[in-house]
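For the sequence shown, the working numbering begins at 74 and goes up steadily by one.
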Amino acid sequence: MSVLIIIVKTIIIYLLVALIFRIMGKREVGQLGTFDLVVFILIAELVAMALENKANFFFSLVPALVLVVLQMIISKISLKNTKFRRFIDGKPVVIIKKGIVNFKSMVEQRYTLDDLLLQLREKDVRSLDEVDYAILEINGKLSVFKKDDKDKKAYPLPIILDGEVEFDNLYSINKTKNWLLDILVEKKIKVDDVFYAFSKNGELFIIKKDNIEK
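Set out below in structure tokens:
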């Protein structure tokens with residue numbers, strides 16, 4: 074294989090990888106969802122195999138290109154469909170609520186006590202009793218809110234995300250579905266029209282979809 078051919082192949086692969094990063098959006102590797110990460114690893118392996126293939130370089134790139142197209146389609150669907158997005162990426166899970174560890178959620182996420190303690194140490198938390206809330210994000214990172222945080226009472230819980238009611242969060246603030254619906258009726262807003270609604274200090278703040286720049 075001549076040096077010129079190697080250079081051309083390398084340039085093509087570089088452009089393909091750049092395209093993949095562009096499609097996945099401006100996120101760090103640590104912020105990628107499980108599906109994105111799997112696709113990225115598969116594509117990296119496929120382009121490496123294509124570089125080593127002396128017989129038909131472009132034919133070897135076909136599987137990688139198919140994955141790129143598939144990723145584009147799934148990304149578009151995920152942006153428009155909350156249920157599909159949660160099926161692919163999952164959703165944040167409350168591991169510690171008001172200082173109490175939710176072992177049921179840990180089992181469902183296959184998240185061990187060792188995992189929890191490790192990530193708490195990374196947040197400079199020495200003991201579980203220092204934690205008020207801990208949320209396992211979709212990228213596997215742990216968001217921690219300590220009991221001694223001055224603004225802990227102001228921690229906003231999402232109640233509606235992209236037209237879908239977060240009932241676990243609603244019930245955690247001791248509010249009911251009727252309470253939420255009464256507020257929406259009073260404001261003449263439908264659940265489907267809400268992009269993001271959150272509770273802060275007992276008050277509901279609403280951002281409508283038509284207020285979002287498209």
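By construction, the Cβ of each residue, glycine as well, lies at the ideal position given by its N, Cα and C atoms.
Residue i CB to nearest heavy atom of the ligand FMN below 8 Å
| i | result |
| --- | --- |
| residue 92 | Among the ligands in the structure shown, none appear at all, so the ligand FMN cannot be discussed. |
For residue i, three-class secondary structure by DSSP
| i | result |
| --- | --- |
| residue 198 | coil |
| residue 203 | helix |
| residue 208 | strand |
| residue 214 | coil |
| residue 261 | coil |
| residue 287 | Confidence at residue 287 is low in this model, with a pLDDT of 47, below 50, so the placement of that residue should be treated as unreliable; the coordinate-derived value is given next. It is coil, neither helix nor strand. |
Anticipated Cβ contact below 8 Å, residue i with residue j, distance rounded
| i | j | result |
| --- | --- | --- |
| residue 220 | residue 203 | 6 Å |
| residue 168 | residue 232 | No, residue 168 and residue 232 are not in contact; Cβ-Cβ is about 20 Å, not under 8 Å. |
| residue 86 | residue 142 | Actually they are not in contact, since the Cβ atoms of residue 86 and residue 142 sit about 17 Å apart, beyond 8 Å. |
| residue 164 | residue 211 | 6 Å |
| residue 161 | residue 140 | Contact flag wrong, Cβ pair sits at about 14 Å. |
Length of the line joining the Cα atoms of residue i and residue j
| i | j | result |
| --- | --- | --- |
| residue 276 | residue 93 | 42 Å |
| residue 206 | residue 166 | 11 Å |
| residue 287 | residue 155 | Only weak support exists for where residue 287 lies, its pLDDT of 47 falling under 50; the coordinates are left without a value. |
| residue 146 | residue 89 | 17 Å |
| residue 262 | residue 251 | 14 Å |
| residue 171 | residue 244 | 13 Å |
| residue 182 | residue 80 | 45 Å |
| residue 217 | residue 180 | 19 Å |
| residue 114 | residue 153 | 25 Å |
| residue 131 | residue 75 | 17 Å |
| residue 134 | residue 241 | 45 Å |
| residue 283 | residue 268 | 8 Å |
| residue 122 | residue 83 | 12 Å |
| residue 237 | residue 266 | 10 Å |
| residue 201 | residue 190 | 8 Å |
| residue 279 | residue 148 | 26 Å |
| residue 158 | residue 235 | 11 Å |
| residue 77 | residue 91 | 21 Å |
| residue 95 | residue 112 | 14 Å |
| residue 137 | residue 144 | 11 Å |
| residue 273 | residue 193 | 25 Å |
| residue 246 | residue 230 | 8 Å |
| residue 281 | residue 150 | 20 Å |
Bridge partner(s) assigned by DSSP for residue i
| i | result |
| --- | --- |
| residue 278 | 271 |
| residue 82 | According to DSSP, which records beta bridges pairwise, residue 82 is partnered with nothing at all. |
Residue-level contact to chain E via CB, residue i, 9 Å cutoff
| i | result |
| --- | --- |
| residue 93 | Checking the listed chains, one finds no chain E in this structure; it contains a single protein chain. |
| request: Taking only runs that begin and end inside the stretch 221-259, name each unbroken beta strand (DSSP E) of 3 or more residues, in chain order. | output: 230-234
| message | Quick check for students: name the residue ranges of the beta strand (DSSP E) that lie wholly in the stretch 147-184, counting only runs of 3 or more. | response | 166-170
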